[in-house]
Structures are given as structure tokens and as C-alpha cells.
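Input: a single structure, listed below in C-alpha cells.
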Amino acid sequence: IVPRIGSRKVTDIGRADIAELHGAFSHIPYQANRTLGVLSVLFNLAEVWNIRPDGSNPCLHVKKYPERKRARFLSAEEYKALGQALHQADHGQTETASAINAIRLLMLTGCRLNEIMTLKWNDVYLADYELRLPDSKTGAKTVHIGQSVVDVMLKIERINSNPYVIAGKNDGRPLTDLQHPWRRIRAVAGLPDVRIHDLRHSFASGALALGEGLPMIGKLLGHSQVQTTARYAHLANTPIKVAASRIADSISEALNFG
1274 IVPRIGSRKV TDIGRADIAE LHGAFSHIPY QANRTLGVLS VLFNLAEVWN IRPDGSNPCL
1334 HVKKYPERKR ARFLSAEEYK ALGQALHQAD HGQTETASAI NAIRLLMLTG CRLNEIMTLK
1394 WNDVYLADYE LRLPDSKTGA KTVHIGQSVV DVMLKIERIN SNPYVIAGKN DGRPLTDLQH
1454 PWRRIRAVAG LPDVRIHDLR HSFASGALAL GEGLPMIGKL LGHSQVQTTA RYAHLANTPI
1514 KVAASRIADS ISEALNFG
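So, in C-alpha cells, the structure goes:
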């Protein structure tokens, strides 16, 4: 901002100036849009302070660039921090058991939020290691689960009058608000930018790191179209790069000391 318009008077800057500045960063749309937002706040303040006339904000009608939602992937250290935060919430009883169980299941299954929040005991087949969802975003699907998910499920208290795995306070109804508990838990973990849906992205990236291919990832996540799984394609080479680095380091060590 400063190199381009920092020397100009606030009263002299027009929409064309803002549009030109915004356009200069078209190759980085996310940053360009954030810059536009900062400028808009500044010019609104200029109006409040009577430096510019009301309704003269030059950022108005400067169209923002479309943004793709930026996927966030948890590292091993971040998973550890999140696990500790869940442990604290559980033992300190600062969050309900339903909220804690929901977050654990989201992390361990890669399911969508609604799939876990509306999961019924009738759809749970622990002996077969399956969750058979009758109505997911892509229709009926089977979610294959591991022993860690079974262990979580076995610890969840079943309420006779409530068919839902993640039971709410109201009789016969599921928990409806996970956002507020999630914000508190992620704050304790020091992960304020992690969304609930990022747990699903992290599940996929974790599978890729273990060497699973994109077709398998698509099956695990229940994608109905290959294009949906393709968003993870840039991560698929990570295990290969790690292996290449190990091999190169080994050869380099031999060259140096052989």
C-alpha cells in the first residue's frame, strides 16, 4: 500500500487508484482482497473523522477476486496439541462429552460434520468396522472405520430415548452446536485458524503421507467424482519427495565420508 499510494493525500485517492492497486496483485487474489479490505476500513474512518465526505469510500464497487477456500492441514505437532486440549476438556468437564466425541470422530473418520452430527446408532456396525450412512451429501455410503474409531464408539454412552450417537440436550435430538465448543477447544490448542472441515482435509493429507493413492482417498472420503479428490493431487508427491530426500542424503553422506 505505502509504495503505491502512501505519499498521496487521503482526499485525492479515487476508485481508479484503488482498482489499479488491487489489479496489481491479481496473481495473489487472497492477499489482494485482504488489502482491499484494509483500505476500505481506512477510508471509512476518514469519513467518520470528516476527512472525506460520507459515501466517498473509493473501495466501493471495486470487485474482489474469486477465492478458493484454502485447505488447512494439521501437522503431527498440531494433532498432539489438539489431543491435549480434548483431554483437558474431557477431564476438566469444560465441554460436553457429546462435543468431545464428535470432534474425535471427525478427526478419526474424515467424515463431514453433518454425517457425524446426524449419525444414528442404527447406522453403526462396529463388528464390521463400518458406518452405513443412508443419506450423506453424495447419497447413501459406507464409511470404513478403524479400531481407534471403534474404541471411541464403545465409550460413548447410549441413551435409550435418543437414537443419535452425538446426543443433544433435548430428548431424542442430536447435538446441534459444535462450532462454539470447537472454537474454545482450538483456542486452548493454539490453533485459532483451524476450521472443523479442515479435520477432513487433514485426514486426507494424512492418508497421502502414508502412501495411499488418490483413488483410495476418494473412497475413504466418499467422493462421488474424481475431480473432488483431485484437490489433494499436489500433496500426493510429498511421500515421494521425502523418500527422494532420504536417498539423496544417504548418498551424500557416503560421498563425504566414503
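In terms of the working numbering, the sequence shown opens at residue 1274 and continues consecutively.
Note that CB positions come from ideal geometry on N, CA and C, so glycine has one too.
Within the same chain, show all residues whose beta-carbon is closer than 6 Å to that of residue 1288, passing over the 5 residues directly before and after it, in chain order. 1331
On the three-state DSSP scale, how would you describe residue 1415? strand
Use the C-beta contact count for residue 1489: other C-beta atoms within 10 angstroms, 16 or more gives buried, fewer gives exposed. exposed
Among 1274, 1282, 1299 and 1380, which residue has its Cα nearest to the Cα of residue 1532? Since the first residue shown for the chain is 1274 and the last is 1531, residue 1532 is missing from the structure and cannot be characterised.
Going by the DSSP bridge assignment, what does residue 1393 pair with across the sheet? 1437
Within this structure, are the beta carbons of residue 1355 and residue 1462 separated by less than 8 Å? yes
Between residue 1399 and residue 1389, how many whole angstroms is the CB-CB distance? I'm expecting something under 8 Å. No, residue 1399 and residue 1389 are not in contact; Cβ-Cβ is about 15 Å, not under 8 Å.
At the level of alpha carbons, what is the spacing between residue 1373 and residue 1339? 35 Å
Boundaries (first-last residue) of the beta strand (DSSP E) holding residue 1404: 1403-1409
Starting from residue 1398, follow its DSSP beta bridges and name the residues at the other end. 1403
Selected residue, minimal CA-CA separation from residue 1450, among 1406, 1421 and 1369: 1369
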